[in-house]
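Student: Quick one: the structure is below, and I'll ask about it shortly.
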Amino acid sequence: MLMLPVISDPESLTTPSSTDSAAQTDTAFDLLTDQRRRAVLRYLNDNEDPVSLSDLADHVALEERDRTSGTIAATGDALLGTRRRIELSLRHVHLPKLAAADAVTFDTDANTVSLCETGTALLAQFDHLRRD
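Per full-length UniProt numbering, the very first residue in the sequence shown carries number 1; after that it's consecutive.
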């Protein structure tokens, strides 16, 4: 008797497992595309304990300043404004996205963030891609 694979979408002719794998790959690339999210994952990977949102924003601001040194926004009071914008983007965009993918745990009550196993795996994938 000939067994045919289960097709999740007859139009696409893909099996559920290949669709799931493609979705996971898309999610990984989406998460790793943004420099701030990569900076978050790297910083959390370097710290075993949960990190405060404030410390995380400081780190990302300094990393971005180092990449764009020489710009007006990299000095003085402008850096404080940049840091505040970074903290807001982390709180409302990047951390929820990473948490939804189980890459980080974001405790909104304590304002702390910690890395999950998925986040460690994402970093390993990114490092592997960079080496190739």
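For every residue, glycine included, the Cβ atom is placed at its ideal position computed from N, Cα and C.
The model shown is predicted, which means the values in this text are computed figures rather than measured ones.
For A57, which residues from the same chain have a beta carbon less than 7 Å from its beta carbon, with the 5 sequence-adjacent residues on both sides left out?
Tutor: If we look at A57 and ignore the five residues flanking it on each side, its Cβ neighbours are R83, I86, E87 and L90.
Student: Should V113 be labelled buried (16 or more other beta-carbon atoms within 10 Å of its own) or exposed?
Tutor: Counting Cβ neighbours within 10 Å, V113 comes out buried, since at least 16 surround it.
Student: Name, in chain order, the residues that DSSP records as bridge partners for T112.
Tutor: According to DSSP, T112 bridges with S52 and D107.
Student: Using the rule of at least 16 other Cβ atoms within 10 Å of the residue's Cβ for burial, across every protein chain shown, is H94 buried or exposed?
Tutor: So H94 ends up on the buried side.
Student: With distances taken between CB atoms, is the gap from G119 to V104 smaller than 9 Å?
Tutor: Yes.
Student: How many whole angstroms separate the CB atoms of V60 and R36, which I take to be in contact at a CB cut-off of 8 Å?
Tutor: Confirmed, Cβ separation roughly 6 Å.
Student: If you drop the 5 nearest sequence neighbours on each side, which residues of the same chain put their C-beta closer than 7 Å to that of A28?
Tutor: These residues qualify, in order along the chain: L122 and Q125.
Student: May I have the straight-line CA-CA distance separating P96 from L53, to the nearest angstrom?
Tutor: Each residue's alpha carbon lies about 12 Å from the other.
Student: Roughly how many angstroms separate the alpha carbons of D107 and C116, rounded to a whole number?
Tutor: Those two C-alpha atoms are separated by around 13 Å.
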